[in-house]
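In the numbering used here, the protein residues as written are 10 to 1165.
Right, here's the structure in full:
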């Protein structure tokens, strides 16, 4: 900022010019006013600087004098928001205004003539001090007495207690009006001498007697209303009046309380304040008031002596106290305030205020404090504000910190890029190590003057009236969706109620909302269907499950209920509308698409699912009268243009022409009405440069800011067209680095939800390396209380869409320890698989990374003179072989004879390979084992291309026995061809299918032969237990049962129970008191096997009950359990392999003796 002034004291006219990037703001005003401002945009930084130079020359010609920049940065200019909060001082930077309340004397007279019955009772109390009663009577009789006035104020304050002390502060104005400022100040100090204790009686609390205040008075018993008003009056007084007040109060400082009030009224008397602080620090008897004390301070050492005491640290959280201290103490307040921030009395709002206070201080020390907190979310934001406020100081202090702080160095260079004219302040740092900017003339317009920086075009939209929707209402289910939703909610009822009675109670209004819900869920649809249309649930809790069950059960009749829930909670219940093709649903989804980021994905999913009918429902609105509904419908039709064109043809040529006008709008002009403003942590200068594809030039900072803005209003399912322009122009790796840096800064800033674009931007610009880095974070976030962020992270991986990203998404679906996240990842993978025409397992086959092992050269580690060949064991753990056949588990350290550069590169590559192998093995080995236990099969072509020919999976599949649909078992020889048990080559028929042989499906003699072949001849360890896998047999009588009595009543260590839930079993949802009362195992026939636990597992205290008993084991038609068995399902519906696996798992569980 540059400032020019003209005129003398009291009549100063100023002009301020602020340049920010390519924008120049000119502010004009008088005195201390803010004035009026206007902003102009320029095509480049150079053009903006030239405009500033023109303004400077013009102001000089008009006689304005430029204020030296150094002076501007050494003047403390308190933020305007402080003005209404601070306790003013006579020596403050701005003399406060004080307007005497002319009606105050009448207010006081009305309150004391006559005294209230309560006040009379106090004066008549035998315990009232006679001297105080006499002072009250004398003052009211017309003999002015400060002590009497103080007693009167105390009595009036007691009278006004029930009115929340309304108007009590006016007493100060009454004293000033009737007796002058000095008298009023003395009376205010004397209120510290008076005490009016209260007592409880039949009618509540009432004052007792008037007495002199005891020395050890608690701070909250001191007068609280008159002193602040009195302080303002003294602060606004003339110097002569102020001096008289100080002289008078000197004689009234007769004890700790009166000394404190006097110091508060005239805090400029630093010796008085020192005395107050000393008494507190030395724990001398006497009361204190943290607000009065803190608002009296002048120096940092005084504040430092007090902040270690809880009552003072706590009171600093009040904005008025904090700002008053900051204004009076100045730079010295920074360190003491930071000790409070780091202590027990911290909260987010207070921390932000403290950093804002430090950022306002015009001193190197304060700036350095912020630099030292550059990694703190609030410190970072405050530092950016201080850089803006003190640009020259920022260059000096950031330069001093740059050698030891990379963030400070980056901020310094960003600052110099934005303000190149400041390079002369510190020439040594003027040339940052950076790529030169591309001239703006060579950039597309959307990166120089994007639509949101220009006046909106006021073109008249084409309106076609009289159109009637041709959409057809329907409920359309995806394959298997209806069955899944039907079983989404477990029955809550016990027994079979009389449903006709329930209906009558419903109609008469005798059912509570919960009972209505149970009735709709469990009652006969024919009897309840007619009442569902008018039901509006008052408690939407759990609608994610029971809402789906109702939609599946009642179909279109459940739409009003589903709409009601969706409007209440778009993000949580909007998915209930996905099956419905309907006029109201279409318009609600269109509205969400443009208005709600949290429900935007649901809206776009619905539009893709019902594209044809959506276009028919929305077309009349999209071509109708202008307004919010039309804008929403237009945005929706842009996503389904071909369907919209077909819908328009149903309405004739006029509709077709109007739609083409709509669809022909430049997509770069399709920006929201309200453009989001990213947080200060996202300043583009703090992020890496975005390089062009030639990597020789970069986007200027203003253009990078435009990219950030695009990311902020784009959605993964509705990407702004400008993003495509950026992709075409810029280097992909540079964009990924830029997005990742923004994401890390967002994390450091506390992940503010309004800036979630920093996470979704990873899906926009991320690479495979981004997916590898993001996936572990997504896995950990639910455990850190960031479930919503983890869910958004799943969308990011899905948006990336690469095999690596989808493989990481699938890994979360397979192995996340957080049930809800795992379920959402599974649903996401199911959705992606369905869009690609695969099952989930088929998609997973195609996502197995080859880790670049297809090239034989990648299995060789080259040190130059030495080299090693990489091999893999049955668990995909790598090992190394030297040319002479020696095996090593790890790479040796390079020797003097090795090529140092080559060896370092190869060691880095091998370390990365080991990390990727651990991740891949943890996902693929359990997946293949599960394929065996679920009897999954591959076609011959899939088996060959996806498994045998895969450069990594080959090392696993060669160690397994395989079985065709016809029952032939085989293994893979070293040349990757099938061989039978007699080691005879075997050709797979094209129309056969292949699966991993479960020992239950292999005849006994063959199983023994295969075991001998693998152990004795081939000496191939298996990746998981196959040939020696325990098997369990069930008799027909066993299968006819509903339960598993052989395991019921047996005990298991809680650690073994939790270990089981890492594989096929799942922990039950916590019940009352956070108790998990069962575990469940999903079954291939639907529903789950339920094992109820006694006494159960306490969430967060799993070791509280170290031993769990399997009370009941039974099959539920739902995925959740209950305390007791219910239903009629028997074990006979399960295949022999599933039964055997269940028995093996429960055998392990009930024979475990130690916690894993």
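Positions of the beta carbon are idealized from the N, C-alpha and C atoms, including for glycine.
Counted within 10 angstroms of its Cβ, other Cβ atoms place residue i as buried (16 or more) or exposed
i: residue 819; result: buried
i: residue 1081; result: exposed
i: residue 28; result: buried
i: residue 1144; result: exposed
i: residue 23; result: buried
i: residue 509; result: exposed
i: residue 319; result: exposed
i: residue 307; result: buried
i: residue 152; result: exposed
i: residue 207; result: exposed
i: residue 180; result: buried
i: residue 1019; result: buried
i: residue 74; result: exposed
i: residue 523; result: exposed
Span of the beta strand (DSSP E) around residue i
i: residue 26; result: 22-29
i: residue 879; result: 876-881
i: residue 277; result: Counting along the chain, residue 277 falls outside any beta strand (DSSP E), and DSSP gives it neither H nor E.
i: residue 1086; result: 1084-1091
i: residue 32; result: 32-39
i: residue 14; result: 11-15
i: residue 931; result: Element bounds for residue 931: not the beta strand (DSSP E) but the alpha helix (DSSP H), 909-942.
i: residue 3; result: Nothing about residue 3 can be read from this structure; the chain reaches only from 10 to 1165.
i: residue 1062; result: 1060-1062
i: residue 47; result: 45-50
i: residue 392; result: Segment 386-398 is the alpha helix (DSSP H) holding residue 392; no beta strand (DSSP E) there.
i: residue 418; result: Careful: residue 418 lies outside any beta strand (DSSP E), inside the alpha helix (DSSP H) at 415-427.
Residue i: first and last residue of the uninterrupted alpha helix (DSSP H) it sits in
i: residue 5; result: Because the chain here runs from 10 to 1165, residue 5 falls outside it and cannot be looked at.
i: residue 369; result: Run containing residue 369: none; DSSP gives neither H nor E here.
i: residue 582; result: 579-582
i: residue 235; result: 235-245
i: residue 185; result: 179-188
i: residue 1013; result: 1013-1021
Straight-line gap, residue i to residue j (C-alpha atoms, nearest Å)
i: residue 1035; j: residue 969; result: 8 angstroms
i: residue 1126; j: residue 1133; result: 14 angstroms
i: residue 1085; j: residue 552; result: 21 angstroms
i: residue 1158; j: residue 491; result: 35 angstroms
i: residue 501; j: residue 730; result: Residue confidence is low: residue 501 scores 48 on pLDDT, short of 50, so the model does not pin down where it sits. No coordinate-derived value is stated.
i: residue 864; j: residue 961; result: 11 angstroms
i: residue 703; j: residue 846; result: 38 angstroms
i: residue 292; j: residue 248; result: 35 angstroms
i: residue 908; j: residue 896; result: 22 angstroms
i: residue 1096; j: residue 496; result: 8 angstroms
i: residue 420; j: residue 380; result: 10 angstroms
i: residue 904; j: residue 894; result: 20 angstroms
i: residue 3; j: residue 146; result: With the chain covering only 10 through 1165, there is no way to say anything about residue 3.
i: residue 927; j: residue 59; result: 59 angstroms
i: residue 933; j: residue 735; result: 37 angstroms
i: residue 639; j: residue 686; result: 25 angstroms
i: residue 1029; j: residue 921; result: 27 angstroms
Supposed contact pair residue j and residue i - C-beta distance, whole angstroms, cut 8 angstroms
i: residue 1111; j: residue 1067; result: 7 angstroms
i: residue 698; j: residue 707; result: 4 angstroms
i: residue 642; j: residue 631; result: 4 angstroms
i: residue 1146; j: residue 1009; result: 5 angstroms
i: residue 216; j: residue 131; result: 5 angstroms
i: residue 711; j: residue 31; result: 5 angstroms
Next item on the list: Let me know the alpha helix (DSSP H) ranges lying completely inside the region 1103-1146, each 4 residues or longer, listed in chain order.
Entry: Runs found: none.
Next item on the list: Tell me the start and end of each unbroken alpha helix (DSSP H) in the region 124-168 that is at least 4 residues and wholly inside, in chain order.
Entry: Listed in chain order, the complete alpha helix (DSSP H) runs (minimum 4 residues) inside the region 124-168 are 126-133, 139-149 and 155-168.
Notebook entry, point to check: At what residue ranges does the region 839-897 contain a whole run of the beta strand (DSSP E), taking only runs of 3 or more?
Noted result: For secondary structure counted as the beta strand (DSSP E) over 3 or more consecutive residues, the region 839-897 holds these complete runs in sequence order: 869-871, 876-881 and 887-890.
Check: At which residue ranges does the region 490-542 contain complete alpha helix (DSSP H) runs of 4 or more residues, listed in the order of the chain?
Finding: Qualifying alpha helix (DSSP H) stretches, in chain order: 490-495, 508-517, 522-531 and 534-541.
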